[in-house]
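Chemist: Below you will find the structure I want to go over with you.
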Amino acid sequence: MRDWIPVGMLAIILCLLLGTTANAKASSEDFSVLPKVYQTSSNPNEQQQLLYDFIWRSFIALNWPNVPLSIEVTPAGPLIVSGSRGTPDPSMRLSVMSGSGILPQTVWETYKEPFEVFPPPDLWDQWGEWNSVRPPPPDKKPASGESRTLLGYPMGLTGYATDTMQPYFFPFFTGPLRDQNGGLVRYEVAVNRAFFRYVRHFQYYNAKTQRESVRNFIEGKRDETAFQRPPFGNPAETGPGGYLHDLPDFQQTGFVDVKAAWRVLDPDSLQQVERYLHRDLVVGYEKDGTAKTQLMGLVALHILRWTPNGYDPKRGIDGGFVASTFEHIDNVRASVDRHGNAVKPTFNNGLAPTSEQREYGFAGDIPKLSDRPVSIYRARSQAISTELRTLNRYYQTSFPVSTSVLRYYQLIGTQNHHQGPVSFETAADREKNGPQGPITGVITNTNNLVNSVLESYTQKNFACILCHSKARPFGVVPSEKQMVGVPDKAFQDDHFKILTFLLQSAHEPKKKQENGD
Numbered sequence: 012m013r014d015w016i017p018v019g020m021l022a023i024i025l026c027l028l029l030g031t032t033a034n035a036k037a038s039s040e041d042f043s044v045l046p047k048v049y050q051t052s053s054n055p056n057e058q059q060q061l062l063y064d065f066i067w068r069s070f071i072a073l074n075w076p077n078v079p080l081s082i083e084v085t086p087a088g089p090l091i092v093s094g095s096r097g098t099p100d101p102s103m104r105l106s107v108m109s110g111s112g113i114l115p116q117t118v119w120e121t122y123k124e125p126f127e128v129f130p131p132p133d134l135w136d137q138w139g140e141w142n143s144v145r146p147p148p149p150d151k152k153p154a155s156g157e158s159r160t161l162l163g164y165p166m167g168l169t170g171y172a173t174d175t176m177q178p179y180f181f182p183f184f185t186g187p188l189r190d191q192n193g194g195l196v197r198y199e200v201a202v203n204r205a206f207f208r209y210v211r212h213f214q215y216y217n218a219k220t221q222r223e224s225v226r227n228f229i230e231g232k233r234d235e236t237a238f239q240r241p242p243f244g245n246p247a248e249t250g251p252g253g254y255l256h257d258l259p260d261f262q263q264t265g266f267v268d269v270k271a272a273w274r275v276l277d278p279d280s281l282q283q284v285e286r287y288l289h290r291d292l293v294v295g296y297e298k299d300g301t302a303k304t305q306l307m308g309l310v311a312l313h314i315l316r317w318t319p320n321g322y323d324p325k326r327g328i329d330g331g332f333v334a335s336t337f338e339h340i341d342n343v344r345a346s347v348d349r350h351g352n353a354v355k356p357t358f359n360n361g362l363a364p365t366s367e368q369r370e371y372g373f374a375g376d377i378p379k380l381s382d383r384p385v386s387i388y389r390a391r392s393q394a395i396s397t398e399l400r401t402l403n404r405y406y407q408t409s410f411p412v413s414t415s416v417l418r419y420y421q422l423i424g425t426q427n428h429h430q431g432p433v434s435f436e437t438a439a440d441r442e443k444n445g446p447q448g449p450i451t452g453v454i455t456n457t458n459n460l461v462n463s464v465l466e467s468y469t470q471k472n473f474a475c476i477l478c479h480s481k482a483r484p485f486g487v488v489p490s491e492k493q494m495v496g497v498p499d500k501a502f503q504d505d506h507f508k509i510l511t512f513l514l515q516s517a518h519e520p521k522k523k524q525e526n527g528d
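Residue numbers for the sequence shown follow our numbering, beginning at 12 and rising by one.
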């Protein structure tokens, strides 16, 4: 890929015009492996296109078929006897991720869910292996004798999507979302092996350990007892002595955080099923403990990536980040299927949006769980740029995406460090450079980036960084400025600005009982 990307959008346009040549070239490339870094350019506009391309390549690799996981139920419990989580199968084509049958699990679907990374204290010594079978969430009570690993898959891990509330500032939520048929959207989160290794290596599943490490860093220590940021995949982590050093090369990446949204599908509707990455997911449990499953289709995917780009130990820079979000093309716009039949929007009634809906993405009050569907649109401020639409079209119509169900998905945008000179003179400058910079301490490429399905009710003047700039480990006491939303330092200058709330999922250790009880 190195020989055509540096020329940026010109090459992309040429690829669109010369589709046959581009597809022949692309067919020889390996799209199954997650790229570790994004390529760089001295041209700001070209650099932003390279970031978009990096995330599209990440989306493909994360949705590549994982190697099959064979699981056996033994007296000691279920075990993975062949295959490995988070491992792409290069022998498979992406085209297998199409059709109406049972699809292979993707790489990201075999990542660890947060409850596997941050188990309760009584399980701290039992959940230390990456390639362990995914158990039911700790707060669920499956029926005795239920196969906890084979439900929904002939081979592989059980998928859980039990959350129904859209996330907002941690630990708050905005509300649920129903599609126009009344189906409730479900949410899940997954993280890669590098982050799992990070949490296990530094024992940050223990909230007390996090606080102690933060205190040690503030006191000037710089060894492993001092707080370490999540992995960037830089040489300090992957080189000799680094805690990622012994992982397979393709897993020595920076932190990857994936957040997915799923809609209910009608199993009798071929038009629905064949247009979605679809799964039978556990969405809850009956009173008797029996798992309740539904056929669900992927409608949105956030991808947050940390990379070693910009790594400079002398300046204390660990690397960079790219936040991004994808949506299914049917979410808020009408379309047509491959047979020429009309496809209605999933989350609005198909009528032209009112002025309020164009401005905010929806109208009225945020719904409650018992409410009927509301109409969701993409707010005017969240419009996809022309350049990005061109890139989306390129990938949707090129190998290997064009032969896969992934052709029904599109990149809405990325949020990353601003790539060019910062100016606030015009309205366009202020949008691109972002007045959120002074609020978050990070001046990024955009002031607006949300997903119409993951953040339906916060679409106006809202972006990933506005929320995630507040993320800290346990033990950090925000300054008075930070309490009102004005961080003191930028991302690369604030060791405790980690952009992920996941460390707040850590548990307190059990209190020692008195008298030996």
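For every residue, glycine included, the Cβ atom is placed at its ideal position computed from N, Cα and C.
Provide the residue span of the alpha helix (DSSP H) that contains E83, from first to last.
Modeler: Per DSSP, E83 belongs to no alpha helix (DSSP H); it is in the beta strand (DSSP E), 81-85.
Chemist: Buried or exposed, going by whether 16 or more other CB atoms sit within 10 Å of the CB of F70?
Modeler: Classification of F70: buried, given that the 10 Å Cβ count is 16 or more.
Chemist: Return the first residue and the last residue of the alpha helix (DSSP H) that Y209 is part of.
Modeler: Element bounds for Y209: 204-213.
Chemist: Comparing C-alpha positions only, which one of P432, Y198, W119 sits nearest to T98?
Modeler: When each option's Cα is compared against that of T98, the closest is W119.
Chemist: Considering only their Cβ atoms, is the gap separating Y371 from K471 smaller than 7 Å?
Modeler: Yes; because the gap between Cβ atoms is below 7 Å, this pair is in contact.
Chemist: If we count the other Cβ atoms within 10 Å of its Cβ and call it buried at 16 or more, is R68 buried or exposed?
Modeler: Flag for R68 reads buried.
Chemist: When you compare only the Cα positions, how much space is there between A501 and D323?
Modeler: Cα to Cα, A501 sits roughly 15 Å from D323.
Chemist: What residues in its chain sit with their C-beta under 7 Å from that of R240, if we drop five residues either side in the sequence?
Modeler: These residues qualify, in order along the chain: D329, H506, I509.
Chemist: Closest to T457 by C-alpha separation, out of V412, P251, I395, would be which residue?
Modeler: Looking at the Cα atoms, I395 is the closest of the given residues.
Chemist: What would DSSP say about D504, mapped onto helix, strand or coil?
Modeler: Correct three-state label for D504: helix.
Chemist: Any chance you could list the beta strand (DSSP E) runs of at least 3 consecutive residues sitting entirely within the stretch 311-356, in chain order?
Modeler: Correct list: 331-339.
Chemist: Name the residue from V461, K303, L61, K232 whose alpha carbon lies nearest to the alpha carbon of S337.
Modeler: Note that residue 337 is Phe in the sequence shown here, rather than Ser. With distances taken between Cα atoms, F337 lies closest to V461.
Chemist: Enumerate, from N- to C-terminal direction, the unbroken alpha helix (DSSP H) stretches of 4 or more residues contained entirely within the stretch 261-301.
Modeler: Runs found: 281-284.
Chemist: Ordered along the chain, which non-local residues of its own chain (more than five positions away) have a Cβ less than 7 Å from that of T236?
Modeler: Result list for T236: S224, N227, in chain order.
Chemist: Under the rule that 16 or more other beta-carbon atoms within 10 Å means buried, what is D64, buried or exposed?
Modeler: Classification for D64: buried.
Chemist: Quickly, what does DSSP pair G88 with across the bridge? List them, please.
Modeler: Per DSSP, T85.
Chemist: Extract the residue ranges of the alpha helix (DSSP H) inside the stretch 359-439, only unbroken runs of 4 or more that lie entirely within it.
Modeler: Within the stretch 359-439, the complete alpha helix (DSSP H) runs of at least 4 residues are 366-371, 397-407.
Chemist: Spatial neighbours of S43 within its chain, please: CB distance less than 7 Å, with the 5 preceding and 5 following residues excluded, ordered by chain position.
Modeler: So the qualifying residues of the chain are A72, W75, P99, P101.
Chemist: So who's on the other strand from P99, going by DSSP bridges?
Modeler: DSSP output for P99 lists N77 as bridge partner(s).
Chemist: Using only CA atoms, which one of S516, N352, G486, V464 lies nearest to T185?
Modeler: If we check each option's Cα against that of T185, V464 comes out closest.
Chemist: Any chance the stretch 79-88 sits against the stretch 50-64, with 3 or more Cβ pairs inside 8 Å?
Modeler: Verdict: no, contact absent.
Chemist: Tell me, please, which residues DSSP counts as bridged to V200.
Modeler: DSSP lists K270 as partners of V200.
Chemist: Quickly, what does DSSP pair G112 with across the bridge? List them, please.
Modeler: Bridge partners of G112: none, in fact.
Chemist: Would you decide whether S409 is buried or exposed? Buried here means 16 or more other CB atoms lie within 10 Å of its CB.
Modeler: Answer is buried; the Cβ neighbour count reaches 16.
Chemist: For V196 and Q282, I'd like the C-alpha separation in whole angstroms.
Modeler: Distance between the alpha carbons of V196 and Q282 is about 19 Å.
Chemist: Compare the beta carbon distance of P484 and L514 with 7 Å and say whether it is the shorter of the two.
Modeler: Yes, the Cβ-Cβ distance between P484 and L514 is below 7 Å.
Chemist: Pick out whichever of A172, I377, N217, N427 has its Cα sitting closest to the Cα of A517.
Modeler: It is N217 whose Cα lies nearest to the Cα of A517.
Chemist: Nearest chain B C-beta to Q262 closer than 7 Å, yes or no?
Modeler: Protein chains in the displayed structure number just one, and chain B is not present.
Chemist: Pick helix, strand or coil for Q305, following the three-state DSSP scheme.
Modeler: Note: Q305 maps to strand in three-state DSSP.
Chemist: Is it the case that the Cβ atoms of L168 and T117 are separated by a distance below 7 Å?
Modeler: No, the pair does not count as a contact, with Cβ atoms beyond the cut-off.
Chemist: For V577 versus Y171, is the C-beta spacing smaller than 7 Å?
Modeler: Because the chain here runs from 12 to 528, residue 577 falls outside it and cannot be looked at.
Chemist: In whole angstroms, what separates the C-alpha of V487 from that of G231?
Modeler: Distance between the alpha carbons of V487 and G231 is about 15 Å.
Chemist: Touch check for the stretch 383-401 and the stretch 297-311: three-plus C-beta pairs under 8 Å?
Modeler: Output reads no: the stretch 297-311 does not touch the stretch 383-401.
Chemist: Is the stretch 358-365 touching the stretch 189-205, taking contact as three or more C-beta pairs under 8 Å?
Modeler: Yes, the stretch 358-365 touches the stretch 189-205.
Chemist: Kindly identify the DSSP beta-bridge partner or partners of R5.
Modeler: The requested residue 5 is not part of the displayed model; the chain covers only 12 to 528.
Chemist: Once you ignore the five residues that flank H429 on each side, which residues in its own chain have a CB closer than 7 Å to its CB?
Modeler: Excluding residues within five positions, the ones whose Cβ falls inside 7 Å are N444, I454, T455, N456.
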